[in-house]
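To start, the structure under review is shown below, and the notes come after it.
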Amino acid sequence: MNTLTPRLNVDRLLLQAPMAGSQGSALALAVCRAGGIGALPAAMLTPEALVQELTALSQGTDRPWNVNFFCHTPPAPDPAREARWREALAPFYAEAGLDIAAVPAGAGRVPFSHAVADLVEPFRPPIVSFHFGLPAPDLLARVKGWGSVLLSSATTVEEAIWLEAQGVDAVIAQGSEAGGHRGMFLTDDLTTQVGTFALLPQIAAAVQVPVIAAGGIADAAGVRAALALGASGVQVGTAYLCSNEAATSALHRAALQSEAARHTQLTTLFTGRPARGIPNRVMRELGPLSPAAPAFPTATAAIAPLRAHWEKQGRGDFSPLWSGQNASGCRSAPAADITRELLKGF
Ligand SMILES: Cc1cc2nc3c(=O)[nH]c(=O)nc-3n(C[C@H](O)[C@H](O)[C@H](O)COP(=O)(O)O)c2cc1C
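Read in order, the letters of the sequence shown correspond to residues 4 to 349 in my numbering.
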């Protein structure tokens, strides 16, 4: 039974996927105002930016919105692995005339914590969603205490069953078509990752809570297919990346709207965790799943200066060009138009 629509006071569960680094409250608000459920990705925001964005969202719409956090365990420092990573990147630094010794080691993405929860609590978010599993039980109980609807992504049936057992209100079934990071957290075996058509009906049969389909949905027909396979709603990311309100860079937009977007790969090079994007020079030259890349999220620090250097010259050779396998919905249009088109599938 779909318990979420009455709880959220909406008639259709169209969720705009939170996309860290590619959007903020502007996209979320545009989606909400057009009848969808907008999302604020918080993984890469400073505390000040998080409060500012939450203020904009809570004041900007009466409709439900979603704030999204990563909940990985930061890895222990691993100097040997970091050294191997810098060695792999050294030739690119030399070519760009950059000094690899000047790169600060740093995380770049912080997990949800009580300190973050202190900032979020006054806003009582209608929905809180997580990627990479769930935070520790005390933290989870705190979020539940706010009355927020709790969501997280499952990439396998086992993950869906685990999430339901921890008390999520709905499971996002993230098929392997999806753009950005795989939400996988009970396994790191990529052969377990299957497409939305295979994953969704199996998760729908395995759990009692509503299931939200994600991965490869780019138009109303995709929404209808997901509903036919047992979904109560959908979460759409890639199709919003070229919307007017997204913060996607010009070179990322160009790649998404070119034939290059017909080929995507999972890569660990940009963060340390597998994420789907359009292949570029660094993925080709190091291999997209190079063992040299250190654990999430520490891979980012050493690749960021190369990214910045080449982006200044209009090149995405070292940029994460995140994209799902179906970029056919990437239109340069107001997010409201994209939202209204997707809503026709309900
Ligand atoms: C650019 C980009 C960034 C993403 N960042 C996040 C994120 O911060 N948090 C999250 O839960 N999911 C993130 N995702 C994954 C989405 O939640 C969702 O699973 C995916 O977009 C659905 O597949 P689609 O891209 O084919 O629509 C991201 C996806 C993309 C394309």
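Glycine residues also receive a C-beta, built at the ideal position from the N, C-alpha and C atoms.
Within 10 angstroms of the beta-carbon of PRO297 lie 16 or more other beta-carbons, which makes it buried. Taking 4 residues as the shortest admissible run, the segment 266–347 contains the following complete alpha helix (DSSP H) segments, listed from N- to C-terminal end: 284–289, 302–315, 338–346. Each of ARG66, LEU122, ASN12 was checked against the Cα of GLN55, and the nearest Cα belongs to LEU122. When secondary structure is reduced to three states using DSSP, GLN55 falls in the helix class. Around ALA42, the same chain offers GLN19, PRO21, ALA31, ASN69, ASN71 as residues with beta carbons nearer than 6 Å, after the five sequence neighbours per side are excluded.
In the three-state reduction of the DSSP assignment, PRO77 falls in the coil class.
In the DSSP annotation of this structure, VAL106 is not part of any alpha helix (DSSP H), being labelled neither H nor E. Here ASP192 is exposed. Its C-beta has fewer than 16 other C-beta atoms within 10 Å.
The C-alpha of GLY332 lies about 15 Å from the C-alpha of VAL237. Pairing GLU262 with ALA338 gives a Cβ-Cβ distance that is not under 8 Å. Along the length of the segment 105–159, whole alpha helix (DSSP H) runs at least 4 residues long occupy 117–123, 140–148, reported in chain order. Of the other Cβ atoms in all chains shown, fewer than 16 fall within 10 Å of the Cβ of THR190; this residue is therefore exposed. In the DSSP annotation of this structure, ALA242 is not part of any beta strand (DSSP E), being labelled neither H nor E. Membership of LEU43 in the beta strand (DSSP E) is indicated by the continuous run 42–44.
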